[in-house]
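J.:
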Amino acid sequence: MFQTLIAWLAVALLIVMIYPWTRVLLAQSAADDQRLLAYTLLPGLAIGALTLIMFWLGLLGIRYNAASVGLPYAALCLLGFWLWTRSVTVSPLTSSAHIRIPYHVLYLIPALLVAAAILFNAAYWPFSRDDTLGIYQPFAQMMADSRTLVPLTGADSLYRAYPMALPLAYAFTYILSGWENEYLARVVPALLSVGCLPAAYLIGRRLLPGRSGAQNLAGVLSALIIAFTPTFVRWASSGYVDLPMAYFWAMTVLFCLRV
Numbered sequence: 194m195f196q197t198l199i200a201w202l203a204v205a206l207l208i209v210m211i212y213p214w215t216r217v218l219l220a221q222s223a224a225d226d227q228r229l230l231a232y233t234l235l236p237g238l239a240i241g242a243l244t245l246i247m248f249w250l251g252l253l254g255i256r257y258n259a260a261s262v263g264l265p266y267a268a269l270c271l272l273g274f275w276l277w278t279r280s281v282t283v284s285p286l287t288s289s290a291h292i293r294i295p296y297h298v299l300y301l302i303p304a305l306l307v308a309a310a311i312l313f314n315a316a317y318w319p320f321s322r323d324d325t326l327g328i329y330q331p332f333a334q335m336m337a338d339s340r341t342l343v344p345l346t347g348a349d350s351l352y353r354a355y356p357m358a359l360p361l362a363y364a365f366t367y368i369l370s371g372w373e374n375e376y377l378a379r380v381v382p383a384l385l386s387v388g389c390l391p392a393a394y395l396i397g398r399r400l401l402p403g404r405s406g407a408q409n410l411a412g413v414l415s416a417l418i419i420a421f422t423p424t425f426v427r428w429a430s431s432g433y434v435d436l437p438m439a440y441f442w443a444m445t446v447l448f449c450l451r452v
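Residue numbers (this note's numbering): 194 to 452.
#1: Identify whether GLY406 lies in helix, strand or coil by the three-state DSSP scheme.
#2: Here's a check: name, in chain order, each residue in its chain whose Cβ is nearer than 8 Å to the Cβ of THR233, leaving out the five neighbours to either side.
#3: Which residue from ALA200, GLY432 and TRP442 puts its Cα closest to that of TYR367?
#4: Report all residues from its chain with a CB closer than 7 Å to the CB of ILE311; omit the five preceding and five following residues, and keep chain order.
#5: To the nearest angstrom, how far is it from the Cα of ASP324 to the Cα of TYR433?
#6: Could you tell me whether the segment 351 to 369 touches the segment 322 to 337, where touching means 3 or more Cβ pairs closer than 8 Å?
#7: Just to confirm, are ILE208 and ALA259 a CB contact at a threshold of 8 Å?
#8: CB-CB under 8 Å to LEU447, same chain, minus the five flanking residues each way: which ones, in chain order?
#9: Below 8 Å on the Cβ atoms is my contact criterion, and I expect ARG340 with TYR257 to pass it. Report the Cβ-Cβ distance as a whole number of Å.
#10: Tell me where the alpha helix (DSSP H) around TRP214 begins and ends.
#11: Taking the alpha helix (DSSP H) that ALA354 belongs to, which residues open and close that run?
#12: Quick check on DSSP: helix, strand or coil for ALA429?
#13: Give me, in chain order, the residues of the same chain whose beta-carbon lies closer than 6 Å to that of ALA364; leave out the 5 immediate sequence neighbours on both sides.
#14: Let me know if TRP214 comes out buried or exposed under the rule of 16 or more other beta-carbons within 10 Å of its beta-carbon.
#15: Tell me the DSSP secondary structure of ALA203 in three-state form.
#16: Less than 6 Å between C-beta atoms, sequence neighbours within five positions excluded: which residues of the same chain meet that for ALA143?
#17: Name the residue from PRO423, GLY412, LEU436 and ALA420 whose alpha carbon lies nearest to the alpha carbon of VAL298.
#18: Given a threshold of 16 other Cβ atoms within 10 Å of its Cβ, counted over all protein chains shown, does TRP442 qualify as buried or as exposed?
#19: Identify which residue in THR422, PRO437, VAL452 and LEU271 has its Cα closest to the Cα of ALA304.
#20: Which of the three DSSP states, helix, strand or coil, is assigned to GLY347?
#21: Just reading off the alpha helix (DSSP H) that ASP435 is part of, what are its end residues?
#22: Could you check the C-alpha separation between ALA205 and PRO437 for me, to the nearest Å?
#23: Expressed to the nearest angstrom, what Euclidean distance is found between the alpha-carbon atoms of LEU272 and LEU250?
#24: In whole angstroms, what separates the C-alpha of PHE320 from that of LEU326?
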């Protein structure tokens with residue numbers, strides 16, 4: 194029980210630790226939506242960095258454990274913090290001592306409630322969907338047991354060639370918890386799925402030129418359309434890879450629009 198609690202706290206801490214990198218990556222941007230963009234980047238950077246470290250550890254033959262994964266990640270975060278503190282450019286994120294909440298954000302409250310429901314549903318139930326039970330969870334369990342990547346051999350070798358980002362993330366939560374903590378594992382893709390909502394808001398604002406009021410309305414409508422799409426709500430906490438990958442696609446589109 195204690196190790197499980199530590200695992201939950203560790204995952205939350207690991208996500209927060211990557212925050213300085215969002216400041217570094219967005220330091221030269223003058224966009225007025227930078228604060229929300231920094232928070233939207235957090236789960237993608239954290240989960241992406243962790244799973245990339247695990248991928249290279251597997252290729253190098255280094256066994257997975259909390260130290261072998263956590264220490265390189267901590268070093269990466271310390272580098273980001275050092276670069277952030279050395280930055281001479283004043284970021285728009287800190288240009289004002291007071292954070293003003295625009296009135297249109299109130300219209301996003303339904304989307305926030307949907308996001309909260311998705312995360313609660315993810316943390317409340319174990320895996321139940323077919324592909325999660327048949328592909329992603331078994332491979333995560335294999336990697337947690339063997340402490341390395343799954344070999345690309347066997348009758349199911351085609352499925353073992355699937356992108357390993359989420360199975361690696363699941364395996365990491367199992368290792369931290371000391372057991373197959375599917376409840377914590379389900380939160381990982383749910384965070385990425387929920388990230389589609391602020392990403393849709395930011396894309397909507399960027400697509401509509403003109404006054405800020407019209408841009409805000411476009412952003413709000415974009416986020417609400419996604420939030421109230423039954424397919425999104427149904428699959429956001431399923432443990433599938435589709436909506437988490439949609440998050441990365443949405444962020445790619447957003448940064449292309451910002452160029």
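Backbone N, C-alpha and C fix where the C-beta goes; we use that ideal spot for every residue, glycine too. Note that this is a predicted model, so its numbers are computed, not measured.
T.: So, from the listed chains and residues:
#1: For this step, residue 406 is matched to residue 213 along the sequence shown. In this structure, GLY406 counts as helix in the three-state DSSP scheme.
#2: Here residue 233 is taken as the residue at index 40 of the sequence shown, counted from 1. Hits under 8 Å: GLY388, PRO391, ALA392, LEU395 and MET444.
#3: Locating residue 367 in the sequence shown gives position 174, counting from the first residue. The option with the nearest alpha carbon to TYR367 is ALA200.
#4: In the sequence shown, the residue the question calls residue 311 occupies position 118. Same-chain partners within the cutoff: ALA383, SER386, VAL387, VAL426, ALA429 and SER430.
#5: Here the question's residue 324 lines up with position 131 in the sequence shown. Here the question's residue 433 lines up with position 240 in the sequence shown. Taking the straight line joining both Cα atoms gives about 7 Å.
#6: With a cut-off of 8 Å, the segment 322 to 337 and the segment 351 to 369 count as touching, because enough Cβ pairs lie within range.
#7: For the purposes of this step, residue 208 is identified with residue 15 of the sequence shown, where counting begins at 1. For the purposes of this step, residue 259 is identified with residue 66 of the sequence shown, where counting begins at 1. No, they are not a contact pair.
#8: Here residue 447 refers to the residue found at position 254 when the sequence shown is read from its first residue. Around LEU447: LEU230, ALA392, LEU395, ILE396 and ARG399.
#9: Translated into positions along the sequence shown, residue 340 becomes position 147. Translated into positions along the sequence shown, residue 257 becomes position 64. Taking C-beta atoms under 8 Å as the contact rule, ARG340 and TYR257 qualify, at a distance of about 4 Å.
#10: Mapped onto the sequence shown, residue 214 falls at position 21. Its alpha helix (DSSP H) spans residues 212 to 218.
#11: In the sequence shown, residue 354 corresponds to position 161, counting from 1. Note, ALA354: premise wrong, no alpha helix (DSSP H); not H, not E.
#12: Here residue 429 refers to the residue found at position 236 of the sequence shown. Three-state DSSP puts ALA429 in coil, outside helix and strand.
#13: Stepping through the sequence shown from its first residue, residue 364 is reached at position 171. Annotation for ALA364: ALA333, MET336 and ALA337 place their beta carbon closer than 6 Å to its own, counting only its chain and skipping 5 residues before and after.
#14: Working through the sequence shown from its first residue, we reach residue 214 at position 21. Buried, since its Cβ has 16 or more Cβ neighbours within 10 Å.
#15: By 1-based counting over the sequence shown, the position of residue 203 is 10. Helix at ALA203.
#16: Past the edges of the chain, shown from 194 to 452, lies residue 143, and the structure says nothing about it.
#17: Residue mapping note: residue 298 aligns to position 105 of the sequence shown, counting from 1. Comparing C-alpha distances from VAL298 to each of PRO423, GLY412, LEU436 and ALA420 shows the shortest one belongs to GLY412.
#18: By 1-based counting over the sequence shown, the position of residue 442 is 249. By the 10 Å Cβ count, TRP442 comes out exposed.
#19: Locating residue 304 in the sequence shown gives position 111, where the first residue counts as 1. The shortest C-alpha separation from ALA304 is found at THR422.
#20: Translated into the one-based positions of the sequence shown, residue 347 becomes position 154. It is coil, neither helix nor strand.
#21: The residue given as residue 435 occupies position 242 in the sequence shown. Taken as a continuous stretch (DSSP letters only), the alpha helix (DSSP H) holding ASP435 covers 435 to 451.
#22: Reading the sequence shown from its first residue, position 12 is the one you call residue 205. Reading the sequence shown from its first residue, position 244 is the one you call residue 437. Those two C-alpha atoms are separated by around 18 Å.
#23: Walking along the sequence shown from the start, residue 272 turns up at place 79. Walking along the sequence shown from the start, residue 250 turns up at place 57. Rounded to the nearest angstrom, the two C-alpha atoms are 20 Å apart.
#24: Taking the first residue of the sequence shown as position 1, residue 320 is located at position 127. Taking the first residue of the sequence shown as position 1, residue 326 is located at position 133. Each residue's alpha carbon lies about 7 Å from the other.
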